[in-house]
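Everything on this sheet refers to the single structure shown next.
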Amino acid sequence: MALNLKRDICFALCLMPTLAWSDVSIKIVDASGQPLSTAVVFLKSPDIISSSRPLTGVEIAQKDRQFIPGVQVVTVGTAIEFPNLDDVRHHVYSFSPAKIFELKLYAQKPEAPVTFEETGIIELGCNIHDSMLGWVLVNDSSIYATTNDQGLVTFPGYKAGDYSIDVWHKNFPYGAPFESFKVQVTDNDSAHTLQLETQGVSF
Amino acid sequence: MTALPRWMHIRLSVRFILITLILLIFIQTIGFWIVQTAVERYVRDDIQHSIAVSERVWNKLIIQNHQQLVEGAELLASDFGFRSAVASKDENTISSALANSAQRIGASVAILVDQQWHLKATSKDDMMKSSKLVSLIDELAATRQEKGEEAYITALYSGAPTQFVVVPVKAPRLVGYVIMGFAIERDMVAEASDLSGIDVVLMSNNGASSVKVMASSDRLEEHFLQDIPGRFFLEDLAFDMRVAQETFVSVIHGQEVIGGFLSLAFMKSLEEAGTQFDELFHQYLVITLIGLVIFAVAVTWLSRRVTRPLERLTDATGALQEGNYDVEVSGVGRMDEVGALARSFDGMRSSIKDQRETIFKLAYNDALTGLPNRLSFRQKVADLIESGEVSSLSVITINLDRFKQVNDVLGYEMGDEILKATATRLLGEACSAQDKLARVSGDEFSVLVLPSEDTPMKIAQSLLARLNEPMEIDHNLIDLSASIGIASWPIDAQQCDALINASQVAMYAAKRRSEDIISYKSEFVTSTPESLSLLSELRQAVTNNELRVYLQPKVSTVDHRVIAAEALVRWQHPEKGLVPPFKFVPFAEQTGFIRELTKWMIRSLASQWQGLQLGHEVFRVSVNLSTRDLLSPTFPDFVQQTLHDFQVPTTGVCLEITESAIMDDPTFAEQTLAKLSNMGFRLSIDDFGTGYSSLGYLKRLPVNELKVDQSFVFGMIEDNNDRTIVQSTIDLAHNLGLEVVAEGVETEAMYLALRELGCEEAQGYFIGKPMPVEEFIVWRDQWHKEHGLA
């Protein structure tokens, strides 16, 4: 929630051209060139990575046989709690290489949180309820945003310089990694359009 | 009449039976055919139905297998352990899990691919390197893409038709697919066959050389192993297939599958399916045979009932044809058509019988007296003679004297009455049995006498006595007399006809001699044995000119001049010499040939007449006419024409007629004589005094002269009575204006006596015997010289 709020403030600040700090605007289009909404875009630079710390108090609850939130973005080393808010038991697992784990049939809260040590995309499922699907995006950068309907995302107040961008979208196939790009941010820079190569994203 | 086919000549009853039976067989055959057709159609429908069931069963089995496989595969795909193994990417683990799972659900193969259809693991290690497997997976992927996730996928795997299912593996999202193959085994084919009762054959062809056949029966498997037409794998077919002398209704589904071709055949033997109806046909056949037998018996009985009476009627007709009119006609009591036929036939029979009796009666009985007639009498005599029952028998023939005159004077009705009365008398007298008496002609009766009775003579005498008693009819008292002849068999004649004839001859003899009863003597018949040949010889005599005209002179007693001659016929027979007239003239009279003789005589005389003439006076020639001449209507014209041809005046010819000739039919004779007289002929009554001619007749007849019979002339010198008769006759003739000629003048005394009595002409041996014409002419000259008349 806090992040979303922050993103909204950032978004508002981006619209102010007279600021000393440059804004980094990225436009994500799919393989066919169509703007892609709801894609998660990470902004990475050595500074940003070095300043990123594991998050605390992060949890992915299960309520009404759904993971809440469906996509949890954390930095490396973050431990995540999996509270069960349903009155049925769940068997949460992941076969993603970045973090293979399973929380065997539990109610309320498992004994210990799960710590995600590696970057990567971890898909969550429930062995009891096949329809339950969730993702944990583990990145070494804590700066990220979600594209709007125009496929745009803006990171305000960053200096010009070289950045790398990691992109992920729900429609990425199973096992597909973040798609990474290099961008050179300049003053009064316009939006960088990045075209995804990963197949199967478009609808 | 056209020739009928041979079988048409077969008896009606047999034809009846044959046609009926043929008809029945025909109908039964049609019925049989219809039933058979219906049964075959039913059997075919049944087979088609069973095949449809079999197809459904097969599909059900396929679906079952599919679902079983899907369930198994899904179970495997969702197994957390399996998913763990997949996640672990440990190929051996995955392979063992696959093998384990495949074994658990009976799958023949299990494969794991990732979501890009890349082969990850198989249940069998050795499969991994197989390029066939990769292409199989590619095709499975393509088929699934094309037909959807639920599609039933069949492929040839290791040469075996195999059902494949593809199940996604999720962890939680799609990470790959588990592909499981289920080989279609022989037991599935057998199961489908068992459930539906249809033979099922599954054939596979991997496109190369390998052909595999799984059939529910060995012979079908053998059959298809030998040859499978290519189209079986390509099309849907429905047809009848011949397999080892059996007809199979077949439905074949050919299809291309992954890795080759499959063909599924559903077959059913018609013969086998029809087995249940064999009993029906058997029963039908038995019923038909029984029906045929019953029909044959019934029709035979019926036709017998119809044709038997017809045959009996035919027999009766045959009997009728042979003259048996008393034959019994059966079946007249029947109320049907045959009975009606029999009744009308019987009516016809009795009608014919009655008519025949009537005809018989008419033929054998005399209508007037009711006595048997001549025919009947003759038959009876003939039968008796032929039967040999009697050693001898006699026939008495009775002829009424002067019956013609009675008939003429008193009328025919009276004549009939007399005949009836005579019959009654004869019956009452001698013939106790009617069948011995017969009326054989107008006034002639015959009586049959058997040896057991009195002698024929005694019977004849008593008969005569009865007849001689005066008879009163219609208040007229009539005296009858009769001439009776008797002949006996075998003394007088050997044959029936000869016997009757002999009795008649005897009767005529009696009549001639004016005796009452005469028994037959052979002298009575002059030339009987030669009669037949005599007639033909006479005919020849005329044509061969063997007859001669002899003339006997007639002399006028006044001046001794020869003024006329009587022409007499003589026969110069080439072998027998001169035949005297009495040997053939009476016979000619009997047979009627006398007419020819008379004609010959007239022609002959006419041709010589001119040569006989002497100077001024006409020399007359007399010709004797017989009764038959007088009764011939054409005779007068013939004489006139003949004389005209030779230019002979009618006055130059005198026609002599005996009294008896006239008396046979006085009316007609009178007409003829009048005609001849009118023509100018001179007419003479010959043998006057011997007959019964009445003076009344004499007066009416247009005659010119009388010839006094020689019997009177003979006796006139010694017998005064005769002299008186001659005298009276001459006077009578003169009084009637007739001239008189005396015959049989043999002495001068006779000649002179006649001259004295006023007889105009004389004829006899004293003057001259009959002589040939040439001789006569010479003699005449001589005579005239002797008497100084030249």
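Just so you know, the protein sequences line up as chains A and B, in that order.
Note that the first sequence ends on residue 207 in the working numbering; no numbers are left out.
Note that the second sequence ends on residue 885 in the working numbering; no numbers are left out.
Backbone N, C-alpha and C define an ideal beta-carbon position, used for all residues, glycine too.
Fair warning: this is a prediction, and the values are worked out from it, not measured in the lab.
TODO: Taking only beta-carbon positions, decide if residue 360 of chain B is within less than 7 Å of chain A.
DONE: In the second sequence, residue 360 of chain B corresponds to position 265, counting from 1. Output row for residue 360 of chain B: interface = no.
Task: chain B residues whose Cβ lies nearer than 7 Å to that of residue 185 of chain A - done: Here residue 185 of chain A corresponds to residue number 181 of the first sequence, with the count starting at 1. Simply none; closest approach about 24 Å.
Task: Nearest-angstrom Cα separation, counted from residue 255 of chain B out to residue 306 of chain B - done: Position 211 of the second sequence holds residue 306 of chain B. Position 160 of the second sequence holds residue 255 of chain B. Whole-angstrom Cα-Cα distance: 10 Å.
Open item on the list: Using the three-state DSSP reduction, which class does residue 155 of chain A fall into: helix, strand or coil?
Closed with: If you number the first sequence from 1, residue 155 of chain A lands on position 151. In this structure, residue 155 of chain A counts as coil in the three-state DSSP scheme.
Task: Entirely enclosed alpha helix (DSSP H) segments - the stretch 364-441 of chain B, minimum 4 residues - done: Note on the stretch 364-441 of chain B: whole alpha helix (DSSP H) runs with a minimum of 4 residues are 365-416, in chain order.
Open item on the list: Taking DSSP's pairing of strands, which residues face residue 857 of chain B in a bridge?
Closed with: Here residue 857 of chain B refers to the residue found at position 762 when the second sequence is read from its first residue. Answer by DSSP bridge pairing, in chain order: B:650, B:837.
Open item on the list: Can you pull the chain A neighbours of residue 210 of chain B, defined as C-beta to C-beta under 9 Å?
Closed with: The residue labelled residue 210 of chain B in the question sits at position 115 within the second sequence. Simply 177, 178, 179.
- [ ] To the nearest angstrom, report how far apart residue 850 of chain B and residue 858 of chain B are at their CA atoms.
- [x] Counting from one through the second sequence, the residue named residue 850 of chain B turns up at place 755. Counting from one through the second sequence, the residue named residue 858 of chain B turns up at place 763. Going from the Cα of residue 850 of chain B to the Cα of residue 858 of chain B covers about 12 Å.
Open item on the list: I want to see whether chain B comes within less than 7 Å of residue 137 of chain A, judged by CB atoms only; does it?
Closed with: Residue 137 of chain A sits at position 133 when you count from the first residue of the first sequence. It does; some Cβ of chain B falls within 7 Å.
Task: Under 9 Å from the C-beta of residue 269 of chain B: neighbouring residues of chain A - done: Reading the second sequence from its first residue, position 174 is the one you call residue 269 of chain B. 177, 178, listed in chain order.
Task: Range of the contiguous alpha helix (DSSP H) that encloses residue 336 of chain B - done: Numbered from its first residue, the second sequence carries residue 336 of chain B at position 241. Taken as a continuous stretch (DSSP letters only), residue 336 of chain B belongs to no alpha helix (DSSP H), being part of the beta strand (DSSP E) at 331-338.
- [ ] Find out if the Cβ-Cβ distance for the pair residue 602 of chain B, residue 492 of chain B is shorter than 7 Å.
- [x] As a position in the second sequence, residue 602 of chain B is number 507, starting the count at 1. As a position in the second sequence, residue 492 of chain B is number 397, starting the count at 1. Yes, these two residues count as a Cβ contact at 7 Å.
Open item on the list: Output needed for residue 648 of chain B: all residues of its chain with C-beta closer than 6 Å, excluding positions within five of it in sequence on either side, in chain order.
Closed with: Along the second sequence, one-based indexing puts residue 648 of chain B at 553. Cβ neighbours of residue 648 of chain B beyond the five flanking positions: 657, 660, 862, 863.
Task: Sequence-distant residues of its chain with Cβ nearer than 7 Å to residue 341 of chain B (five each side left out) - done: On the second sequence, residue 341 of chain B is found 246 positions in, with the first residue counted as 1. Excluding sequence positions up to five before and after residue 341 of chain B, its CB lies within less than 7 Å of the CB of 364, 366, all in the same chain and listed in chain order.
- [ ] Could you check if residue 754 of chain B is buried or exposed, using at least 16 other CB atoms within 10 Å of its CB as the buried criterion?
- [x] To locate residue 754 of chain B, count along the second sequence from 1; it is residue 659. Answer is buried; the Cβ neighbour count reaches 16.
- [ ] Tell me the start and end of each unbroken beta strand (DSSP E) in the stretch 715-740 of chain B that is at least 3 residues and wholly inside, in chain order.
- [x] Taking only runs of at least 3 residues, the beta strand (DSSP E) segments lying wholly in the stretch 715-740 of chain B are 715-720.
TODO: Give me the Cα-Cα distance between residue 201 of chain B and residue 279 of chain B, rounded to the nearest whole angstrom.
DONE: In the second sequence, the residue the question calls residue 201 of chain B occupies position 106. In the second sequence, the residue the question calls residue 279 of chain B occupies position 184. Whole-angstrom Cα-Cα distance: 11 Å.
Task: Spatially closest choice to residue 782 of chain B from B:821, B:568, B:814, by CA coordinates - done: Here residue 782 of chain B refers to the residue found at position 687 when the second sequence is read from its first residue. Taking residue 782 of chain B as reference, the option from B:821, B:568, B:814 with the minimal CA-CA separation is B:821.
Open item on the list: So with CB distances below 9 Å, who are the chain A contacts of residue 266 of chain B?
Closed with: Taking the first residue of the second sequence as position 1, residue 266 of chain B is located at position 171. For residue 266 of chain B, the neighbours in chain A by C-beta distance under 9 Å run, in chain order, 97, 98, 99, 100, 127, 129, 178.
- [ ] Pick out the complete alpha helix (DSSP H) segments inside the stretch 550-635 of chain B, 4 residues or longer, and give them in chain order.
- [x] Runs of the alpha helix (DSSP H) lying entirely within the stretch 550-635 of chain B, each at least 4 residues long, are 551-563, 591-607 in chain order.
Open item on the list: Would you say residue 182 of chain B lies against chain A (beta-carbon separation less than 7 Å)?
Closed with: The count along the second sequence starts at 1 and reaches residue 182 of chain B at position 87. Chain A places a beta carbon closer than 7 Å to that of residue 182 of chain B, counting this residue as a contact.
Open item on the list: Please state the DSSP three-state secondary structure of residue 136 of chain A.
Closed with: Looking up residue 136 of chain A in the first sequence gives position 132. The three-state secondary structure of residue 136 of chain A, taken from DSSP, is coil.
Task: Own chain residues within Cβ distance below 8 Å of residue 181 of chain A, not counting five before or after - done: For the purposes of this step, residue 181 of chain A is taken as residue 177 along the first sequence, with counting starting at 1. Excluding residues up to 5 positions away in sequence, 124, 125 lie with their Cβ nearer than 8 Å to the Cβ of residue 181 of chain A in the same chain.
Task: Candidates B:838, B:428, B:535, B:155, of which the one nearest residue 462 of chain B by Cα - done: Numbered from 1 along the second sequence, position 367 holds the residue referred to as residue 462 of chain B. Among B:838, B:428, B:535, B:155, the Cα nearest to that of residue 462 of chain B belongs to B:535.
- [ ] Compare the beta carbon distance of residue 277 of chain B and residue 154 of chain B with 7 Å and say whether it is the shorter of the two.
- [x] Walking along the second sequence from the start, residue 277 of chain B turns up at place 182. Walking along the second sequence from the start, residue 154 of chain B turns up at place 59. Cβ distance not < 7 Å, so residue 277 of chain B and residue 154 of chain B don't count as in contact.
Task: Local conformation of residue 779 of chain B per DSSP, three classes - done: Position 684 of the second sequence, counting from 1, holds the residue named residue 779 of chain B. The three-state secondary structure of residue 779 of chain B, taken from DSSP, is strand.
Task: Partner residues on chain A for residue 178 of chain B, Cβ-Cβ distance less than 7 Å - done: Start at 1 with the first residue of the second sequence, and residue 178 of chain B comes out as number 83. Going along chain A in sequence order, the residues near residue 178 of chain B (Cβ under 7 Å) are 99.
TODO: Following the continuous beta strand (DSSP E) through residue 69 of chain A, name the residue where it begins and the one where it ends.
DONE: One-based indexing of the first sequence puts residue 69 of chain A at position 65. First-last for residue 69 of chain A: undefined, no H or E at that position.
- [ ] Within 10 angstroms of the Cβ of residue 842 of chain B, are there 16 or more other Cβ atoms? Answer buried if so, exposed if not.
- [x] Here residue 842 of chain B refers to the residue found at position 747 when the second sequence is read from its first residue. Exposed, by the Cβ-count rule.
Open item on the list: Any heavy atom of the ligand MG inside 6 Å of the beta-carbon of residue 150 of chain A?
Closed with: Absent from the structure shown: the ligand MG. Ligands present: none.
Task: Cβ-Cβ distance between residue 117 of chain A and residue 84 of chain A below 7 Å - done: The residue labelled residue 117 of chain A in the question sits at position 113 within the first sequence. The residue labelled residue 84 of chain A in the question sits at position 80 within the first sequence. For residue 117 of chain A and residue 84 of chain A, yes; Cβs fall inside 7 Å.
Open item on the list: Looking only at its chain, what residues have a beta carbon closer than 6 Å to the beta carbon of residue 330 of chain B, apart from the 5 residues adjacent to it on each side?
Closed with: As a working mapping, residue 330 of chain B is identified with position 235 in the second sequence. Within the same chain, residue 330 of chain B has close Cβ partners 349.
Task: Residues near residue 869 of chain B by beta carbon distance below 6 Å, same chain, minus five either side - done: Along the second sequence, one-based indexing puts residue 869 of chain B at 774. There are no such residues.
- [ ] Check each residue of the stretch 161-177 of chain B: if its Cβ is closer than 9 Å to any Cβ of chain A, include it; give the result in chain order.
- [x] Correct list: 173, 175.
Open item on the list: Using only the alpha-carbon positions, how far apart do residue 623 of chain B and residue 679 of chain B sit?
Closed with: Residue mapping note: residue 623 of chain B aligns to position 528 of the second sequence, counting from 1. Residue mapping note: residue 679 of chain B aligns to position 584 of the second sequence, counting from 1. Note that residue 623 of chain B has pLDDT 49, beneath the 50 cutoff, so the model's placement of it is unreliable and the number below is only indicative. About 11 Å.
Task: With 16 other Cβ atoms within 10 Å as the buried cut-off, status of residue 632 of chain B - done: Here the question's residue 632 of chain B lines up with position 537 in the second sequence. By the neighbour-count rule (16 or more Cβ atoms within 10 Å), residue 632 of chain B is buried.
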